[in-house]
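For reference, the structure discussed in these notes is given below.
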Amino acid sequence: MKLELRGITKRFGALVANDHIDLTVEAGEIHALLGENGAGKSTLMNVLYGLYQADGGEILLDDEVQHFAGPGDAMKAGIGMVHQHFMLIPVFTVAENVMLGHESTKAGGVLDLATARTKVREISDRFGFDVDPDALVEELPVGVQQRVEIIKALSRDARVLVFDEPTAVLTPQETDELMSIMRQLKESGTSIVFITHKLREVREVADRITVIRLGKVVGEASPTATNEELATLMVGRAVDLTVDKAPAKAGKPALVVQNLTVLDPLGNIVVDDVSFSVAEGEILAIAGVQGNGQTELTEALLGLQPRVLGEVSLDGKAIRGHSVRKILDVGVGFIPEDRTEDGLVGEFTIAENLMLDRADGAPFVRFGNIQRGALEDFAREKVAEFDVRTQGIDEPVRRLSGGNQQKVVLARELSRDLRLFVAAQPTRGVDVGSIEFIHKRIVATRDAGTPVIVVSTELDEVTALADNIMVMYRGRIVGIVPGDTPRSVLGLMMAGASGGSENPTAPTGEGAAA
Numbered sequence: 001m002k003l004e005l006r007g008i009t010k011r012f013g014a015l016v017a018n019d020h021i022d023l024t025v026e027a028g029e030i031h032a033l034l035g036e037n038g039a040g041k042s043t044l045m046n047v048l049y050g051l052y053q054a055d056g057g058e059i060l061l062d063d064e065v066q067h068f069a070g071p072g073d074a075m076k077a078g079i080g081m082v083h084q085h086f087m088l089i090p091v092f093t094v095a096e097n098v099m100l101g102h103e104s105t106k107a108g109g110v111l112d113l114a115t116a117r118t119k120v121r122e123i124s125d126r127f128g129f130d131v132d133p134d135a136l137v138e139e140l141p142v143g144v145q146q147r148v149e150i151i152k153a154l155s156r157d158a159r160v161l162v163f164d165e166p167t168a169v170l171t172p173q174e175t176d177e178l179m180s181i182m183r184q185l186k187e188s189g190t191s192i193v194f195i196t197h198k199l200r201e202v203r204e205v206a207d208r209i210t211v212i213r214l215g216k217v218v219g220e221a222s223p224t225a226t227n228e229e230l231a232t233l234m235v236g237r238a239v240d241l242t243v244d245k246a247p248a249k250a251g252k253p254a255l256v257v258q259n260l261t262v263l264d265p266l267g268n269i270v271v272d273d274v275s276f277s278v279a280e281g282e283i284l285a286i287a288g289v290q291g292n293g294q295t296e297l298t299e300a301l302l303g304l305q306p307r308v309l310g311e312v313s314l315d316g317k318a319i320r321g322h323s324v325r326k327i328l329d330v331g332v333g334f335i336p337e338d339r340t341e342d343g344l345v346g347e348f349t350i351a352e353n354l355m356l357d358r359a360d361g362a363p364f365v366r367f368g369n370i371q372r373g374a375l376e377d378f379a380r381e382k383v384a385e386f387d388v389r390t391q392g393i394d395e396p397v398r399r400l401s402g403g404n405q406q407k408v409v410l411a412r413e414l415s416r417d418l419r420l421f422v423a424a425q426p427t428r429g430v431d432v433g434s435i436e437f438i439h440k441r442i443v444a445t446r447d448a449g450t451p452v453i454v455v456s457t458e459l460d461e462v463t464a465l466a467d468n469i470m471v472m473y474r475g476r477i478v479g480i481v482p483g484d485t486p487r488s489v490l491g492l493m494m495a496g497a498s499g500g501s502e503n504p505t506a507p508t509g510e511g512a513a514a
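Numbering (UniProt numbering), first residue to last: 1 to 514.
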């Protein structure tokens with residue numbers, strides 16, 4: 001089925017999310033829609049799927065104009081969507097999820113699960129998915145859950161499939177399997193729209209690439225284009241995608257974590273007996289699929305988790321059990337994984353956000369009063385140093401782009417004398433140009449002798465920044481390996497295969513290479 005979007009325009013108040021976008025996807029083609037977070041990719045696909053109504057333009061399937069009042073109309077016309085966050089009911093079986101919303105019944109009003117099971121087996125066998133129709137979704141690996149989403153769409157005769165950032169929660173091996181599935185779907189005649197911001201994946205699987213920037217189509221590219229060429233189209237200027245860093249000059253262990261266990265509010269173990277160390281002048285990257293204990297680990301280091309066992313020391317002094325305020329005061333800097341919830345106060349100005357860590361004394365507060373002159377001078381200096389694109393230091397931080405918001409957090413944390421820097425998902429939702437800047441500042445922090453922990457689900461970021469990599473799976477350390485460990489090995493570790501050091505502290509600190 002051929003898909004054509006003509007002049008699609010979608011506004012949210014004064015914001016033009018899609019500005020007269022034209023896009024053509026031929027039958028049996030994988031067409032990548034590439035753009036930074038916030039470029040308008042998902043909005044465009046939500047218009048296609050009937051979740052949003054366009055303010056202008058039209059949708060055509062096989063040259064016939066369509067009018068979708070909602071997703072039901074889009075599905076009937078042959079459009080399916082595999083969402084970034086799966087739309088599955090965890091306590092239902094695969095067959096029950098597949099028939100949900102399209103239930104068929106037998107005599108007496110009994111659900112016809114047998115037909116749903118048959119359909120699941122038929123599609124699974126056709127594409128080699130190996131999915132059990134009676135398996136509970138909550139017991140399936142993430143990669144298999146994604147196959148269930150694909151089966152759901154195909155069971156409703158989807159001939160155009162939209163994949164919205166489909167690899168965000170997959171290991172590298174699961175990503176490779178998805179690429180293979182997309183090729184099989186293409187060979188069967190299915191048209192695919194592949195939404196992503198990951199250049200490697202686009203070049204691997206796409207037949208054609210359309211690039212969107214700030215709601216507009218800015219060009220088309222071939223999969224043979226280089227990463228640098230694609231990044232330039234996305235950003236609008238030349239971008240250096242490599243992280244230039246000299247070998248680490250690691251000193252003595254600064255952060256030492258021993259037998260750390262974190263319990264959630266229900267008493268479940270989410271971080272399980274973890275031990276490791278980070279040396280002065282070293283970047284330790286923590287890798288793993290989201291949800292394997294990384295968030296809780298970093299929060300425990302910052303004093304944000306209430307139920308923690310084990311020992312944490314910094315420069316030989318115990319900090320486990322201390323308040324967040326006290327941990328910050330001993331020199332710990334922190335970029336939280338959700339800057340809007342935990343890193344910034346949206347209604348506060350840029351200047352006010354830059355003093356949040358130091359609102360209890362000099363140089364910004366005296367006798368309970370903000371020292372405006374000192375704060376404004378500091379804010380102007382940091383806005384310039386960290387290249388924050390803004391109308392002025394009194395602009396509310398919520399008005400900034402994601403990349404500029406993250407630069408404000410980075411500027412605040414790196415403007416203190418640090419003994420440890422923890423960066424959780426430091427480039428999530430950040431444009432390519434800002435990623436380049438943030439990576440350089442993280443490396444500069446390491447080179448100044450500060451121990452650095454980077455937590456990231458982006459394997460390219462992990463391998464670019466890390467001196468050593470600690471892989472977590474289901475709350476435990478699978479292994480700690482050098483930063484140049486192949487992606488294939490890291491992918492297996494992220495799926496739970498053991499690897500790396502038997503002694504988790506061995507690869508870090510002095511004598512790491514011995």
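Using N, Cα and C, we set each Cβ at its ideal position, and we do this for glycine too.
Can you name, in chain order, every residue of its own chain whose Cβ lies under 7 Å from the Cβ of residue i, other than the five neighbours on each side?
i, result
"Asp264", "Val270"
"Asp55", "Thr9, Lys10 and Arg11"
"Val169", "Val142, Val289 and Gln290"
"Val144", "Val131"
"Thr340", "Gly346"
"Met355", "Phe364 and Leu375"
For my contact list, residue i and residue j are in at a C-beta cut-off of 8 Å; report their separation, rounded to the angstrom.
i, j, result
"Leu314", "Leu255", "5 Å"
"Leu260", "Val312", "7 Å"
"Ala411", "Phe386", "4 Å"
"Glu296", "Arg446", "Actually they do not touch by this definition, with Cβ atoms about 24 Å apart."
"Arg419", "Gly331", "4 Å"
"Met470", "Ile480", "5 Å"
"residue 552", "Leu113", "Only positions 1 to 514 of the chain appear in this structure, which leaves residue 552 out of reach."
"Val47", "Val94", "In fact, because the Cβ distance is near 30 Å, the residues do not count as touching under 8 Å."
"Leu61", "Ala77", "6 Å"
"Val235", "Ala221", "Not confirmed; about 14 Å, so no contact."
Using beta-carbon positions only, say whether residue i and residue j come within less than 8 Å of one another.
i, j, result
"Gln406", "Glu337", "no"
"Gly433", "Arg237", "yes"
"Glu165", "Gln84", "yes"
"Phe86", "Gln146", "yes"
"Arg159", "Met1", "yes"
"Ile192", "Leu161", "yes"
"Val443", "Lys245", "yes"
"Val409", "Gly343", "yes"
"Ala423", "Val454", "yes"
"Arg6", "Asp22", "yes"
"Gly57", "Ala74", "no"
"Ser490", "Ala248", "It is Leu, not Ser, that sits at residue 490 in the sequence shown. It is not a contact, given that the beta carbons lie outside the stated cut-off."
"Leu414", "Gly333", "yes"
"Leu34", "Ile209", "yes"
"Val274", "Arg307", "no"
"Met81", "Ala153", "yes"
What are the partner residues of residue i, as DSSP defines its beta bridges?
i, result
"Leu154", "Note: Leu154 sits in no beta bridge, so no partner."
"Gly219", "Val211"
"Pro482", "Asn468"
"Ala32", "Phe194 and Ile209"
"Asn369", "Arg366"
"Val308", "Val262"
"Gln66", "Ile59"
"Leu420", "Val332"
"Pro133", "Beta-bridge pairing links Pro133 to no other residue."
"Gly101", "None, per the DSSP bridge assignment."
"Tyr473", "Arg476"
"Arg441", "Arg441 is not bridged to any residue."
"Asn37", "Partner(s): none; Asn37 has no beta bridge."
"Val162", "Met81 and Val193"
"Arg487", "Beta-bridge pairing links Arg487 to no other residue."
"Ala287", "Val471"
Quick one: what's got a C-beta closer than 6 Å to residue i's C-beta in the same chain, skipping five residues either side?
i, result
"Ala495", "Thr171"
"Ala17", "Lys10, Gly40, Thr43 and Gly215"
"Pro486", "none"
"Gln184", "Phe127"
"His322", "Gly303"
"Gly403", "Val430, Asp431 and Ser434"
"Tyr309", "The amino acid at residue 309 is misidentified as Tyr; the sequence shows Leu. Here the set comprises Thr261."
So, for residue i: in the same chain, excluding its five sequence neighbours on each side, which residues have a beta-carbon less than 8 Å away from its beta-carbon?
i, result
"Val25", "Lys2, Leu3, Glu4, His31, Val160, Ser191, Ile192 and Val193"
"Ala514", "Reliability fails at Ala514, whose pLDDT of 29 lies under 50, so the model's placement of it is uncertain and the value that follows must be treated cautiously. Excluding residues within five positions, none has a Cβ falling inside 8 Å."
"Thr232", "Ala238 and Val239"
"Val383", "Ile350, Thr390, Ile393 and Ala411"
### Query
For the 8 Å Cβ check, are there 3 or more pairs between the stretch 341-352 and the stretch 373-389?
yes
### Task
Determine, using beta-carbon pairs with one atom in the stretch 449-465 and one in the stretch 53-68, whether at least three such pairs fall under 8 Å.
no
#### Entry: Segment contact, 8 Å Cβ cut-off, at least three pairs: the stretch 89-96 with the stretch 19-30
no
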